[in-house]
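**Q** Residue numbers for the sequence shown follow the working numbering, so the first one is 117 and each next one is one higher.
A virtual CB, placed ideally from N, CA and C, is assigned to each residue, including glycine.
Note that the coordinates shown come from a computational prediction; the quantities given were computed from them, not determined experimentally.
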Amino acid sequence: MEKQHIEMMFKRNAWFTQLPEDVIHSLVSMSKTKHLAKHQQLHAKGDEADGLYCVLDGKIRVSNVNMHGKEMVLTWLESGSWFGEISLFDGLPRTHDAHAEQDTQLLMLPNTTFQKLLRKQPELYPHFMRLLCQRIRATFALIDETGGLSLSGQLAKRLLLLASGLVNGLPDDKADNGNPIIKVSQESLAQMINSSRQTVNKLLNELKKQGVIHNQYGGIEILDVNALKKLSEI
Numbered sequence: 117m118e119k120q121h122i123e124m125m126f127k128r129n130a131w132f133t134q135l136p137e138d139v140i141h142s143l144v145s146m147s148k149t150k151h152l153a154k155h156q157q158l159h160a161k162g163d164e165a166d167g168l169y170c171v172l173d174g175k176i177r178v179s180n181v182n183m184h185g186k187e188m189v190l191t192w193l194e195s196g197s198w199f200g201e202i203s204l205f206d207g208l209p210r211t212h213d214a215h216a217e218q219d220t221q222l223l224m225l226p227n228t229t230f231q232k233l234l235r236k237q238p239e240l241y242p243h244f245m246r247l248l249c250q251r252i253r254a255t256f257a258l259i260d261e262t263g264g265l266s267l268s269g270q271l272a273k274r275l276l277l278l279a280s281g282l283v284n285g286l287p288d289d290k291a292d293n294g295n296p297i298i299k300v301s302q303e304s305l306a307q308m309i310n311s312s313r314q315t316v317n318k319l320l321n322e323l324k325k326q327g328v329i330h331n332q333y334g335g336i337e338i339l340d341v342n343a344l345k346k347l348s349e350i
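1) What residues are listed by DSSP as bridge partners for Glu-137?
2) Roughly how far, in whole angstroms, is the beta-carbon of Met-224 from the beta-carbon of Tyr-169, given that I think they are within contact range, below 8 Å?
3) Per DSSP, which residues does Phe-199 bridge with? Please list them.
4) Rounded to the nearest angstrom, what separates Met-308 and Met-146 at their Cα positions?
5) Using the three-state DSSP reduction, which class does Met-183 fall into: helix, strand or coil?
6) For Thr-211, which of helix, strand or coil comes out of DSSP?
7) Buried or exposed, going by whether 16 or more other CB atoms sit within 10 Å of the CB of Ala-272?
8) Ordered along the chain, which non-local residues of its own chain (more than five positions away) have a Cβ less than 8 Å from that of Arg-210?
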């Protein structure tokens with residue numbers, strides 16, 4: 117993959133847009149690419165951290181297994197999404213499982229290289245602290261999502277979270293009229309809220325009838341953010 121395309125991945129992500137140009141060049145030159153086949157595991161919960169990752173192409177499923185042995189999908193990370201930063205800072209094992217949902221190309225900044233960069237340029241710490249804070253906010257939002265909300269409330273909360281870019285740091289896509297567009301399948305949403313695709317389809321149709329969303333090919337357009345916020349509280 118061309119270096120120019122890789123640099124665009126850095127600049128596309130909200131976490132890295134404020135980094136100096138020379139730092140972005142350094143990060144790109146220090147990184148390497150990694151390919152995962154469909155369903156291949158990148159890392160398991162408890163694994164030692166080996167680096168910071170960016171999805172160049174494909175999709176990564178981030179999940180955990182609950183006490184009943186059922187996989188709980190936390191989110192999906194697509195092109196432009198960065199992940200794996202928590203373990204790089206606290207030195208502790210990975211907090212989740214990560215699998216390739218399809219053939220996936222990753223950019224990897226090795227842990228040793230990352231630490232060397234921070235020692236050389238300690239002024240970069242605030243940038244990466246913002247990255248961590250972004251992840252913490254997303255975690256709290258996910259906790260709120262499961263705190264007694266109805267399925268419709270959980271779905272509304274999840275749609276807002278995905279549209280905000282809190283999960284992956286990406287700016288939301290926009291329709292010509294400026295409305296946020298979320299690129300996610302019904303199957304993915306179902307796994308995120310521990311429901312069935314049929315139930316999610318029914319809930320989305322209700323939101324469509326209420327004029328809150330509009331289903332389009334490969335995504336969901338948010339027509340009324342305020343209505344979605346109200347629904348996310350019940």
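**A** Based on what the coordinates show:
1) In the DSSP output, where bridge partners are listed per residue, Glu-137 has none listed.
2) 6 Å
3) Phe-199 is bridged to Tyr-169.
4) 34 Å
5) coil
6) The answer is coil: DSSP assigns Thr-211 none of H, G, I, E or B.
7) That one is buried.
8) His-159, Ala-160, Lys-161, Gly-162, Asp-163, Glu-164, Ala-165, Gly-200 and Ser-203
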